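Everything on this sheet refers to the single structure shown next.
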Amino acid sequence: MEHDIEAAGLGAAGGLSKGSHHPVTSGQPCENCGAVVPDRFCSACGQLASSFHRPVWELVTESVADMFALDGRLFRSLPLLMFRPGRMTRNYLDGKRARYVPPFRMFLLSSVIFFLTIFTMNDTQHWFTDWRLDPRGDVSTDFTIGAQGVSPAEPASTEPATVSAPADPPTLAGVKFSDILLPDGTIDREKMHGIIRNQARADITPAELQASFLAADKAAKVYENQDRFGGRLRQWAPRFSLLFLPVFALLLTLMYAWWRKIYVFDHLVASLHFQTFLYILGTLILLSTAIFPHLAYAAPGLALLAVFVYIYRMLRVIYASGRVASLLGATVLLIFSMILLVSLAVGLVILSFVLT
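So that you can map any letter, position 77 of the sequence shown is 77 in the UniProt record's numbering, and since no number is skipped, the others follow by simple counting.
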């Protein structure tokens, strides 16, 4: 997925300027429609005539040159997007589009930078390594094994302690990892199945028992392949984040369904700019907390406040809503956005669990 992100980033960064540093020779036929290309774009179909079959370093330097080109669209777009919520969206919807970076290009580029920042910081700070479950470390870890499968339990105390009696002994039992963990770090499947069978309720059906075995085996496989599980998270996180865009646009559509002069396209542009703001804000938070670790405690609260204020101003500027209506709308959108983000995170974990 990282390679897909890099390729998308190169494609998104290209085209932010007029591209005078890599013009297309006039008179050449367009590879898409065959028409003569007078400049960088085909006048018949609009396809970019610049070839990407070049050394990667040339593509990178070209993309950087595009990003900081003298046409200034990026420098006009970023400050307006970050510090004047809704103003660029309103201008874009009013027809003033040439002066700004196209919404989807800006959205794609910001998402690439955001996830590359996450992946790079993980490689340097070993986030996934620190999150690894290791029952052979200084702190022992219990697993709860029952007729419904296997789930992580709270870390046990380092002092000697006895396992408390389960609330429902026939269906639930606390089992230490040392009872099922083999010397090579894998899980003893037969012993685990025996524990599940012994602790299952008396009237459990063979199908239910088999389902419990499959769930426990899957959890054991994830434990034994935690690096692969982390890789699945990295692979699918960017794709899951894209689902936020249409849902947020749908929320805006429902909130302003009675406005005749507002179209779904308008809500989609507003959603693109809003999620671009979230990506940039997230990138800045990641970098600032990496440089100043003590900011990690205050960053979530400040980010939440910033997002609320941003949504409020966005509604005021784009839709010309009143103060009370904008406050209520910002509250509703923030609550639903948090619910949506949590749902996407849970779905990402479940999918990564299944695919591991």
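No residue lacks a Cβ here, since even glycine has one placed at the ideal position from N, Cα and C.
Just so you know, these numbers come straight off a predicted model, no measurement behind them.
Taking residue i as part of the alpha helix (DSSP H), name the residues at either end of that continuous run.
{"i": "H193", "result": "R189 to Q199"}
{"i": "E224", "result": "P206 to E224"}
{"i": "A325", "result": "R323 to L355"}
{"i": "N32", "result": "Run containing N32: none; DSSP gives neither H nor E here."}
{"i": "residue 420", "result": "Because the chain in this structure spans residues 1 to 356, residue 420 falls outside the shown range and cannot be described."}
{"i": "P293", "result": "Per DSSP, P293 belongs to no alpha helix (DSSP H) and is neither H nor E."}
{"i": "Y92", "result": "R87 to L93"}
Distance check for residue j and residue i, CA to CA, integer angstroms please.
{"i": "S111", "j": "Q235", "result": "14 Å"}
{"i": "I113", "j": "D184", "result": "39 Å"}
{"i": "Y310", "j": "L348", "result": "27 Å"}
{"i": "L340", "j": "A306", "result": "18 Å"}
{"i": "A290", "j": "C33", "result": "49 Å"}
{"i": "A298", "j": "S288", "result": "11 Å"}
{"i": "G230", "j": "A249", "result": "30 Å"}
{"i": "L327", "j": "R232", "result": "38 Å"}
{"i": "C30", "j": "F41", "result": "9 Å"}
{"i": "P238", "j": "F353", "result": "17 Å"}
{"i": "D202", "j": "L181", "result": "The identity of residue 202 in the sequence shown is Ala, whereas the question assumes Asp. Taking the straight line from one Cα to the other gives about 27 Å."}
{"i": "N91", "j": "H267", "result": "14 Å"}
{"i": "P38", "j": "L351", "result": "48 Å"}
{"i": "I187", "j": "K221", "result": "8 Å"}
From the DSSP secondary-structure annotation, give me the bridge partner or partners of residue i.
{"i": "L181", "result": "I187"}
{"i": "F41", "result": "L48"}
Using three-state DSSP, classify residue i as helix, strand or coil.
{"i": "V264", "result": "helix"}
{"i": "R313", "result": "helix"}
{"i": "W259", "result": "coil"}
{"i": "Y100", "result": "coil"}
{"i": "A167", "result": "Since pLDDT at A167 reaches only 43, below the 50 mark, its modelled position is unreliable, and the value read off the structure follows with that caveat. If DSSP states are grouped into helix, strand and coil, A167 belongs with coil."}
{"i": "Y279", "result": "helix"}
{"i": "L243", "result": "coil"}
{"i": "D123", "result": "helix"}
Which one of the options has the shortest CA to CA distance from residue i?
{"i": "R97", "options": "S77, R84 and P85", "result": "S77"}
{"i": "M82", "options": "A216, S321, F274 and V332", "result": "F274"}
{"i": "A211", "options": "V101, R73, V222 and R197", "result": "R197"}
{"i": "G329", "options": "R313, E224 and L243", "result": "R313"}
{"i": "V269", "options": "L93, G301 and I195", "result": "L93"}
{"i": "L334", "options": "Y100, L355 and L278", "result": "L278"}
{"i": "L252", "options": "F336, M88 and T124", "result": "F336"}
{"i": "S343", "options": "F244, T117, R260 and H294", "result": "F244"}
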